[in-house]
Each structure stands twice: as C-alpha cells, then as structure tokens.
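These notes are about the structure you will find just below.
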C-alpha cells in the first residue's frame, strides 16, 4: 500500500526512469513487506534549480544524479525492516540503473490503515479480506 | 485546514479539473468536517509514464482516468468519519465529473495543530479564536 | 534533516526563487534547530488554476504571490519552537524577497528518525555519530 514519490533532475531517458521505478518497487517487495502488485508511484523530474540539496550533509558526495524517494506507508515497519530496506534499495539501484548509493535519499512517512481508500469509496484496509 | 494534492494523467480539460477539485472540496465540507472556506488544493497532471499504478491491487479495474487524492489533515478524524468521507467523495465524483469509483484513490496523512501556519507568522490553530 | 517542498504560482524570476529558498533555509537554521548544511528543497511553480487557495480562511488576504511551504521533519519540535519558526520565517521572507506575511502558509509533517536514509543504504540518523 505504499505510495512512492520519486524526484530527480531532468535529463534522464525513459529507460533509466523505468529501471529506477522498477528497482524501487522490487526492493519494496523484497525488503519492505509489500505485495508484488501493490505499486503506486509518481515520478517528478525537476529543473536543476528546482531541486536543491547539500552535496555532503550526512553522506554524499551527491551529484546531479541525486534521487529523492519519498514513501507514504500504510502501517509501521520495524527499525530493522527499514534498515534492511535501505540497504536492499541502494544495492538494487546501484545494479540498475547504476545509481551511486551516495545519490540516494529516502524519507518514509507512516499513516494509519483507515487513512487509505484504494477505490469504490471504501476504507479498503479495514475490510476483513485485507486485515 | 486540510491540504489536498490531486494527481492524475494529463489530458483533461479545465472544466473537468474544476469539477474534480470542486467535488473533492464539497465532499470534505460535507463529510470530513471542513469549513466551506477552508480550501487549499494543488493539481498535478502527469505524463502517463510518470504516474504508475497497478490496475487491480485491492480494487480497480483502474483506467487512464485514475485520480490520486492525497490529504494532509490538521487533526485526527474517527475511522467512521473517514469511511463516510470516502463514500461521499466517490459518489460526488461519480456524479461529476463522472469519475468511476474504481479510479479514485485516497491517502490521508494526519499532523498536529501546532504544525500549521495560515499566515502572518502565527501558529494559527493555537490561537484562542480557532481552538 | 527536514525536507522542504515550496509551491507557488508561475511567473517569478530565478532571483526571487533563490531568495525565497535561501530565506526559508536560513529561518530553519535560525529557529528550527537545523544545521546549516542540512538543506533539501524542491520548488514547484504551478499554473494559476493548479494552485487553489481561499483568499481569507484563518488569515489573508492571500494574493497571487501565495507561497505554500511543506516541511517533512525528522523529529518532533516543541510548540514554542514551531511558533518561533513561523515568526522568524515570515519576517525573513518579508525582508527578502518581499513576501507579504499574509501570503505565507506553512505545514509541517513529523516522522521518525529511522525513516530517513541520507545515502549509502544506511538508516543515517540511527548511526552513533548522528544520534
């Protein structure tokens, strides 16, 4: 049920974006306890002067390839799960599309189960079939 | 006080967007305990390859008309209120602009009252007049 | 560690955006307990009909210069800190780029420390050096 917002600078071709979005989803399935068909992503390519980030704060060095992944999650995960997910995500994106782990930033926001409707006017995650 | 982010694929004319944004606001007034003049919305039209969603996960079938409504709320609502809001919203948008309920997804994030400033450098919701 | 999303209507030149983004960051350093090199911002310029806001609700009058600042914070701040930050931010942006305090809206969302990875696949804020 997570919602994923991917922000990066303009200039990457569609195959790069495909690989990035696919890799993020695969890492979520592998390490963030997300079902394979639970995929909802938006991709935002910003002009260089619209995405501003310090090159070195608590990591880096960050380059023009910097990617910001914002995840809205529908239930809490343990610290161990989150830590394993960060590792898995960095490794997957380094393999494809070749993102340097220094250029990957992730921020998770956690909500409640009754804060999601997947359609049909239902509080989907409160239905018995999904509890 | 909610802030509403509306995301959908490009290609809808302005009257459709007007009807969509108006209907979302009206449902919030009717069922989410929001004053009529408490309206703050952003609309984001994305290229098809920038808005990725599974057509069937926990609902659907989702079409190219898929609309994602992200709400940042300034205080908690009960589960019953949220469930009634989802029903109301789906019904209103089905009536106008004719959005299929299967194509509507809603995600709510809840914040604290001191996390909002509506202007003038004030923590607005802590002022006696708004408490 | 905050992440800052800045939304406003199209039409402002780059020096205005620079001043706005710089002023927001300086206010966070001065009054929100943020290190000087902890800067991560996205800027979103929207067509007038894509940024909808009531001109008077709990403040205003809001003009076409309206600016919405959404902050995702990595740890809680006290109400006093938030209130001082709103004041500082309004004063700084009024000085430069000349934003009227009535046109400034701020919304903060608070997350947990283990919900941030600043790179290298690490849960950065859990590392001893950053605790």
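Protein chains in written order, with this note's numbering: chain A, 47 to 177; chain Z, 47 to 177; chain V, 47 to 177.
The beta-carbon is built from N, C-alpha and C at its ideal position, and this holds for glycine as well.
Just so we're clear, the structure is a prediction, and the values are computed from it rather than from any experiment.
- Residue contact check for residue 106 (chain V) against chain Z: a CB pair falls below 8 Å.
- The alpha carbon of residue 89 (chain A) has as its nearest neighbour, out of A:98, A:83, A:55 and A:154, the alpha carbon of A:55.
- In summary, the residues of the region 83-109 of chain A whose CB is separated from some CB of chain V by less than 8 Å are 90, 92, 95, 96, 97, 98, 99, 100, 102, 103, 104, 105, 106 and 108, in the order they occur in the chain.
- Remark: fewer than three beta-carbon pairs, one from each stretch, lie closer than 8 Å, so the region 80-97 of chain V and the region 161-170 of chain Z are not flagged as touching.
- Per DSSP, the continuous beta strand (DSSP E) segment holding residue 119 (chain A) begins and ends at 113-119.
- Assignment of beta-bridge partners to residue 55 (chain Z) by DSSP yields Z:92.
- Contact check for residue 94 (chain V) and residue 155 (chain Z): beta-carbon distance about 26 Å, past the 8 Å limit, so the pair fails to qualify.
- Residue 172 (chain Z) belongs to the set of residues whose beta carbon lies under 8 Å from a beta carbon in chain V.
- Contiguous beta strand (DSSP E) elements confined to the region 130-158 of chain Z occur at 150-156, taking only those with 3 or more residues.
- Within chain A, the residues 157 and 161 have their CB atoms less than 7 Å from the CB of residue 154 (chain Z), given in chain order.
- At a beta-carbon threshold of 9 Å, the residues of chain A lying near residue 135 (chain Z) are 163 and 167, ordered along the chain.
- Bounds of the alpha helix (DSSP H) holding residue 66 (chain V) are 60-77.
- Between the alpha carbons of residue 110 (chain Z) and residue 122 (chain V) lies a gap of roughly 39 Å.
- Secondary structure of residue 168 (chain A) (DSSP, three-state): strand.
- Going by DSSP, residue 99 (chain Z) is part of the beta strand (DSSP E) stretching over 97-99.
- At a cut-off of 8 Å, the C-beta of residue 54 (chain V) has no neighbouring C-beta in chain Z.
- When C-alpha distances from residue 143 (chain Z) are compared across Z:68, Z:160 and Z:115, the shortest belongs to Z:68.
- Within the same chain, 51 and 153 come within 6 Å of residue 116 (chain V) by CB-CB distance, once the 5 residues on both sides are set aside.
- Taking C-beta atoms as the reference points, residue 131 (chain A) and residue 78 (chain A) count as a pair closer than 8 Å.
- Taking 8 Å as the CB threshold, residue 67 (chain Z) lines the interface with chain V.
- Here the alpha carbon of residue 136 (chain Z) sits roughly 32 Å from the alpha carbon of residue 63 (chain A).
- Chain Z places a beta carbon closer than 8 Å to that of residue 60 (chain A), counting this residue as a contact.
- With a threshold of 8 Å between beta carbons, residue 127 (chain Z) makes no contact with chain V.
- In this structure, the beta-carbon distance from residue 148 (chain Z) to residue 166 (chain A) falls below 8 Å.
- Residue 49 (chain V) has a beta carbon lying within less than 8 Å of a beta carbon in chain A.
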